[in-house]
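Here's the structure we're looking at; comments come further down.
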Amino acid sequence: MNPLTGRRTFLGGAAAAVSAASFSGGPLSAAPGDREIRTAHIGIGSRGTALLKQVLTQRNVRVAAICDIDPKARDAAQSLAHRDNPRSFTEYRRVLELKDVDAVAIASPCDLHAEMAAACLDAGKYVYCEKPLGITPEQVDLALKASRRAKTFLQIGQQLRYMPGLRAVIAQIHNDKVIGTPFVIKAQRHSTPVRPEADAARPPWYLDPKRSGDLIVENAVHNIDVCNWVADSRPASAFGHGKRYLPRTVPAGSIMMDGFSVEYVYENDMHLDYSQLYLHPRALKELANGQWYMVFGEKGTVNLSNGIFYDITGAAEPRELIPPDVRDAGENAMSEFFACIREGRRPFAGIEVAATAALTAIMGREAIYGRRMVTWKELGVTL
Ligand SMILES: NC(=O)c1ccc[n+]([C@@H]2O[C@H](COP(=O)([O-])OP(=O)(O)OC[C@H]3O[C@@H](n4cnc5c(N)ncnc54)[C@H](O)[C@@H]3O)[C@@H](O)[C@H]2O)c1
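My numbering applies: residue 42 is where the sequence shown begins, and numbers increase by one.
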């Protein structure tokens with residue numbers, strides 16, 4: 042129990058004992074080159090179906106198996122993938138035994154990702170795992186250790202890493218030093234209140250923080266990962282506040298929050314100020330709604346979302362950093378997953394990105410629940 046709030050937190054004494062040796066990517070299995078790659082899909086609800094559709098468009102890839110505890114989900118997936126006539130399973134461990142499966146896409150509820158990903162890696166499968174990698178430090182550590190043992194790799198479903206426009210802007214911050222030394226990131230994800238019908242339509246695991254990891258881990262992990270990427274560092278500490286505001290106020294920890302703010306200080310001394318609120322009136326334009334990131338540096342500020350650079354002196358007009366041919370290019374996370382398998386490369390959003398993002402979000406959540414500053418060291422996972 043948390044001594045301040047009396048509520049259960051995820052960061053118990055056990056977490057402090059968790060320790061993982063540094064990750065070092067060993068040699069990967071021989072690349073399969075151009076031969077057919079066969080996939081299995083565990084968890085084929087809303088996101089799993091979207092991933093299955095993406096996989097069905099990949100060249101020389103066949104869907105060999107589908108797995109879900111829900112018969113309706115299995116039926117729907119079998120219809121969708123009828124071209125490949127996949128076998129159907131209820132128990133995910135059966136998929137591990139399938140010798141003709143090379144790669145597994147995991148889109149189960151968040152609390153199952155780490156266990157399933159670790160088991161798939163141990164069985165010699167390549168893994169495309171939905172975010173977050175885990176919702177506790179222990180889960181993250183489990184997947185990390187499996188990844189260290191494996192001759193295959195895990196790519197995390199943090200597809201913002203595969204947006205060509207975002208990549209182009211971040212490369213200009215990192216390589217071309219367009220804003221000089223970056224100092225501060227302000228990032229936000231605001232929207233109008235969640236409609237009660239939309240909440241009711243959610244699967245039960247989603248609203249339960251013990252299964253989803255809460256809003257910051259399930260949802261904001263995407264945005265926070267973009268901030269980690271820009272910062273090119275990881276947070277040393279976090280402090281924050283949040284709760285469920287609507288339809289009635291409930292303290293953080295028992296039902297998914299609908300608003301929080303968190304402040305991270307990075308190891309390189311950058312800081313991130315992130316807020317997510319489902320309280321943003323549509324007519325409120327002075328503070329932009331939606332998702333955005335501003336990176337403030339020595340020479341100016343970049344709005345990551347539209348790639349506009351603002352000179353700090355005001356002497357130069359704002360200018361666009363994203364080349365026109367890249368501006369509208371869509372994300373390519375799934376095609377990159379298969380390209381990495383074929384070419385024997387490790388993915389850009391691999392295990393370290395996955396673990397760092399999940400731990401950053403977990404650290405923020407624990408700071409919110411505990412109403413105190415939480416440090417990276419307390420998580421007890423060495424990356
Ligand atoms: N990357 C993204 O943009 C994105 C978007 C949405 C969701 N997600 C993530 O995808 C995951 C799934 O979300 P969703 O919205 O599809 O949820 P969902 O509830 O629609 O789907 C989850 C599926 O997993 C199945 N499942 C549960 N336990 C299982 C088990 N033990 N073995 C096999 N199947 C099991 C359920 O029956 C269900 O069909 C979540 O982790 C979520 O955070 C990612």
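C-beta: ideal position from N, C-alpha, C; glycine also.
Predicted, not measured: the structure shown is a model, and the values here were computed from it.
Determine the extent of the alpha helix (DSSP H) in which Ala396 is found, giving its start and end residues.
If you number the sequence shown from 1, residue 396 lands on position 355. First-last of the alpha helix (DSSP H) with Ala396: Ile392 to Gly411.
Distance check for Glu238 and Gly74, CA to CA, integer angstroms please.
Counting from one through the sequence shown, the residue named residue 74 turns up at place 33. Counting from one through the sequence shown, the residue named residue 238 turns up at place 197. Whole-angstrom Cα-Cα distance: 48 Å.
Give a yes or no on whether the C-beta atoms belonging to Ala399 and Val181 are separated by under 9 Å.
Here residue 399 refers to the residue found at position 358 of the sequence shown. Here residue 181 refers to the residue found at position 140 of the sequence shown. The answer is yes: Cβ separation under 9 Å.
With respect to 8 Å, is the separation between the Cβ of Lys172 and the closest non-hydrogen atom of ligand 1 below this value?
Position 131 of the sequence shown, counted from the first residue, corresponds to residue 172. Answer for Lys172: yes, Cβ within range of ligand 1.
The region 364-380 touching the region 197-205, judged by at least three CB pairs closer than 8 Å:
yes
Inter-residue spacing [alpha-carbon to alpha-carbon] between Phe224 and Lys251
Taking the sequence shown and counting its residues from 1, one reaches residue 224 at position 183. Taking the sequence shown and counting its residues from 1, one reaches residue 251 at position 210. Going by the C-alpha atoms only, they are around 34 Å apart.
Does the beta carbon of Arg88 fall short of 8 Å from some heavy atom of ligand 2?
This structure does not include ligand 2; its bound ligands are ligand 1.
Can you tell me whether DSSP reads Asn269 as helix, strand or coil?
The residue you call residue 269 lines up with position 228 of the sequence shown. Three-state result, Asn269: helix.
Can the beta-carbon of Tyr169 be found less than 9 Å from the beta-carbon of Asp143?
Residue 169 sits at position 128 when you count from the first residue of the sequence shown. Residue 143 sits at position 102 when you count from the first residue of the sequence shown. It is not a contact, given that the beta carbons lie outside the stated cut-off.
In whole angstroms, what is the alpha-carbon distance linking Arg100 and Thr80?
Counting from one through the sequence shown, the residue named residue 100 turns up at place 59. Counting from one through the sequence shown, the residue named residue 80 turns up at place 39. Going from the Cα of Arg100 to the Cα of Thr80 covers about 13 Å.
So, are the CB atoms of Arg412 and Phe194 less than 9 Å apart?
Position 371 of the sequence shown, counted from the start, is the residue given in the question as residue 412. Position 153 of the sequence shown, counted from the start, is the residue given in the question as residue 194. It is not a contact, given that the beta carbons lie outside the stated cut-off.
Strand pairing of Pro276, partner residues [DSSP]
Residue mapping note: residue 276 aligns to position 235 of the sequence shown, counting from 1. Pro276 is bridged to Tyr307.
Apart from the five residues on each side of it in sequence, which residues of its chain come closer than 7 Å, Cβ to Cβ, to Met157?
One-based indexing of the sequence shown puts residue 157 at position 116. Contacts found: Ile83, Tyr133, Ile147 and Ser149.
With Asn260 and Gln332 assumed to form a contact (beta carbons below 8 Å), what rounded beta-carbon distance in angstroms separates them?
Counting from one through the sequence shown, the residue named residue 260 turns up at place 219. Counting from one through the sequence shown, the residue named residue 332 turns up at place 291. With a Cβ gap of about 11 Å, Asn260 and Gln332 do not count as contacting.
Answer yes or no: the CB of Gln180 versus the heavy atoms of ligand 1, is any distance below 8 Å?
Here residue 180 refers to the residue found at position 139 when the sequence shown is read from its first residue. Every heavy atom of ligand 1 is 8 Å or more from the Cβ of Gln180, so no.
Would Ala71 be called buried (16 or more neighbouring beta carbons within 10 Å of its own) or exposed?
As a position in the sequence shown, residue 71 is number 30, starting the count at 1. By the 10 Å Cβ count, Ala71 comes out exposed.
Here's the rule I'm using: 16 or more other beta-carbon atoms within 10 Å means buried, otherwise exposed. How should Lys418 be labelled?
Working through the sequence shown from its first residue, we reach residue 418 at position 377. Exposed: under 16 other Cβ atoms inside 10 Å.
Limits of the beta strand (DSSP E) - the one that Val195 falls within:
Within the sequence shown, numbered from 1, the residue matching residue 195 stands at position 154. Val is not the amino acid found at residue 195; the sequence shown has Leu there. Run containing Leu195: Leu195 to Ile197, per the beta strand (DSSP E) assignment.
If you reduce the DSSP assignment to three classes, tell me which class Arg360 lands in.
Counting from one through the sequence shown, the residue named residue 360 turns up at place 319. If DSSP states are grouped into helix, strand and coil, Arg360 belongs with the strands.
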